[in-house]
Each structure stands twice: as structure tokens, then as C-alpha cells.
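Enquirer: Position 46 of the sequence shown, counted from 1, bears residue number 51 in this note's numbering, the numbering being contiguous throughout.
Please see the structure below; I have some questions.
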Amino acid sequence: MASIFTKIIKGEIPCYKIAETDNFLAFLDIRPLAKGHTLCIPKKEVDYIFDLDDETYTGLNLFAKKVAKALEKNIECKRVGVLVIGTEVPHAHIHLVPFKEEIQMSILSPKVDMKPVELMNLASKVKATFDEG
6 MASIFTKIIK GEIPCYKIAE TDNFLAFLDI RPLAKGHTLC IPKKEVDYIF
56 DLDDETYTGL NLFAKKVAKA LEKNIECKRV GVLVIGTEVP HAHIHLVPFK
106 EEIQMSILSP KVDMKPVELM NLASKVKATF DEG
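Structure, rendered in C-alpha cells:
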């Protein structure tokens, strides 16, 4: 059965897209740990990140690096942290979390309340930076 991420890739479920290539997609998490919390996913549906073939695994990490740089240019933060947990959705993914304090990196931290218009505006800004290079 297709994961929710596969449905997002196919356009069956909307998302706040930040970046997209032929093989990867990045979009804002709608229940963010911090402003700008982004999910980077391969378009290939594979449950566990370490089951990805080497080319996809490496490509996903390089894609996430470029997305993180775009986030840093648009969100005031100490760093963009990386989380790979892999149990909440059966589709390999990387969480990028722009944080000011390390506690924001805890998946158990309270979620940030962001309105759809805030998510849409942020996605547009970060996408423009990503597209610039």
C-alpha cells in the first residue's frame, strides 16, 4: 500500500513544497518541531533509509544538504539539525530542523503551531532560495 509520502509525490495530497528533483522531494512538516521543519524524501518508495540503494542514499543526503542551506538562508537558527527515525511513516525520509535550542531536536518536543498561510509563505521563500542554487 502506498505511504502518505507516495500520495504526496503523486499530488494526491497537497504539501508545502520547498524543492523537487526527478528523484527527491522536500516539503514542510505540517506538525513542525520548529519553524521550517522539513522532510526530504526519495520518490522511490522504500521503507527503511538503510535499505536504499547506494546511489539513492547518497543522492538523498546531497539533496538534503542543499535544502538545509536554503533553510539556513531563510530562517534564523543556530543550525539545521538532522533526524532520521524512520518509524512514523513507512517511507525513507530525513527530517531537517532549523533550531535555536537543542531541545527543539527532540521528536517528543511540543509541535509549533503554524497557520497554512505561514507555511505557504515560508515554503515559497525557501523554494526560491533552493532554486537559486
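We treat Cβ as the ideally placed atom computed from N, Cα and C, and that holds for glycine.
For the candidate residues 126, 93, 118 and 74, whose alpha-carbon lies nearest to that of residue 101?
Expert: Counted from its first residue, the sequence shown places residue 101 at position 96. When only C-alpha atoms are compared, the closest one is 74.
Enquirer: Residue 25 lies in the beta strand (DSSP E); which residues open and close that run?
Expert: As a position in the sequence shown, residue 25 is number 20, starting the count at 1. Annotation for residue 25: the continuous beta strand (DSSP E) segment containing it runs 22 to 25.
Enquirer: Could you have a look at residue 30 and say whether DSSP puts it in helix, strand or coil?
Expert: Counted from its first residue, the sequence shown places residue 30 at position 25. Looking at residue 30 - three-state DSSP - the assignment turns out to be strand.
Enquirer: In this structure, does DSSP put residue 113 in helix, strand or coil?
Expert: Here the question's residue 113 lines up with position 108 in the sequence shown. DSSP places residue 113 in coil when its eight states are reduced to three.
Enquirer: Output the distance between the C-alpha atoms of residue 46 and residue 32, rounded to the nearest integer angstrom.
Expert: Position 41 of the sequence shown, counting from 1, holds the residue named residue 46. Position 27 of the sequence shown, counting from 1, holds the residue named residue 32. If you take the alpha carbons of residue 46 and residue 32, they lie about 9 Å apart.
Enquirer: Could one say the Cβ of residue 101 lies closer than 8 Å to chain B's Cβ atoms, at least one of them?
Expert: The chain inventory of the structure shown lacks chain B, comprising one protein chain alone.
Enquirer: Please classify residue 89: does DSSP put it in a helix, a strand, or coil?
Expert: The residue labelled residue 89 in the question sits at position 84 within the sequence shown. If DSSP states are grouped into helix, strand and coil, residue 89 belongs with coil.
Enquirer: On the CB-based measure, 16 or more other CB atoms within 10 Å of its CB, does residue 103 come out buried or exposed?
Expert: Numbered from 1 along the sequence shown, position 98 holds the residue referred to as residue 103. Note on residue 103: 16 or more other CB atoms within 10 angstroms of its CB, so buried under the neighbour-count rule.
Enquirer: Apart from the five residues on each side of it in sequence, which residues of its chain come closer than 7 Å, Cβ to Cβ, to residue 84?
Expert: Locating residue 84 in the sequence shown gives position 79, counting from the first residue. So the list reads 104, once near-sequence residues are dropped.
Enquirer: State yes or no: is the C-beta of residue 54 nearer than 7 Å to some heavy atom of the ligand GTP?
Expert: Ligands displayed in this structure: none; no statement on the ligand GTP is therefore possible.
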